[in-house]
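Asker: My numbering numbers the first residue of the sequence shown as 1 and each following residue consecutively. Quick reminder that beta carbons are idealized off the backbone N, C-alpha and C, glycines included. Since this is a predicted model, take the numbers as computed values, not measurements.
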Amino acid sequence: MERSYVMLKPGVLNRRIAGEIISRLEKKGLKLVGMKLLKITAQLADRHYAEHKDKDFYADLKSYITSGPVIAMVFEAENCVAIVRKLVGSTKVADAQPGTIRGDYALHTNLNIIHASDSPENAEREINLFFKPEEIIEWEDQAARWF
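1) Runs of 3 residues minimum, wholly inside the stretch 7 to 76: which ones carry the beta strand (DSSP E) assignment?
2) In angstroms, rounded to a whole number, what distance separates the CA positions of residue 103 and residue 120?
3) Taking the alpha-carbon positions, what's the residue 23 to residue 41 distance?
4) Consult DSSP for residue 143 and reduce its assignment to one of helix, strand or coil.
5) Would you say the beta carbon of residue 74 comes nearer than 8 Å to a heavy atom of the ligand FAD?
6) Would you kindly check if the distance between the Cβ of residue 113 and the Cβ of residue 34 is under 9 Å?
7) Quick one: what's got a C-beta closer than 7 Å to residue 45's C-beta in the same chain, skipping five residues either side?
8) Could you spell out where the beta strand (DSSP E) holding residue 114 opens and where it closes?
9) Does the Cβ-Cβ distance between residue 9 and residue 115 come in under 9 Å?
10) Pick from 109, 74, 16 and 77: whose alpha carbon is nearest that of residue 89?
11) Nearest-angstrom Cα distance between residue 49 and residue 72?
12) With burial defined as no fewer than 16 other Cβ atoms inside 10 Å of the residue's Cβ, what is the status of residue 137: buried or exposed?
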């Protein structure tokens, strides 16, 4: 099984659509094994988005991600990272296909509503940034045989 880190950004909570988005991920058959509401500090934002620090959009990205609460989640499935990325859609909102989360709910790329790990390696790094090992819950999914 592979895990992916998913974060619903402040815009999701402000718009009251967290349940809809989580439901879409669950309906696909992804197993939720970790979830919490938190306020990202400037230091955690720097660590999470370290690869973007020198880019022109970094200050706005950091300001947005620290502007309100986020929902941090860990999902598990075979090929989880690729499946989540497909459900989420293109980072550039104008390129996000209808039917994807960004295609259906996002209007501005700089106010992107969701983050999803882009590789299994980054998923592991991001999960470790936001979750302690004991916050990931192993459980037997009785519905797994249906997906």
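Answerer: In short:
1) 31 to 39
2) Taking the straight line joining both Cα atoms gives about 24 Å.
3) 27 Å
4) coil
5) This structure lacks the ligand FAD; in fact it carries no ligand of any kind.
6) A distance of 9 Å or more separates the beta carbons of residue 34 and residue 113.
7) 62, 65 and 66
8) First-last of the beta strand (DSSP E) with residue 114: 114 to 116.
9) Contact: yes.
10) 109
11) 15 Å
12) Exposed, since its Cβ has fewer than 16 Cβ neighbours within 10 Å.
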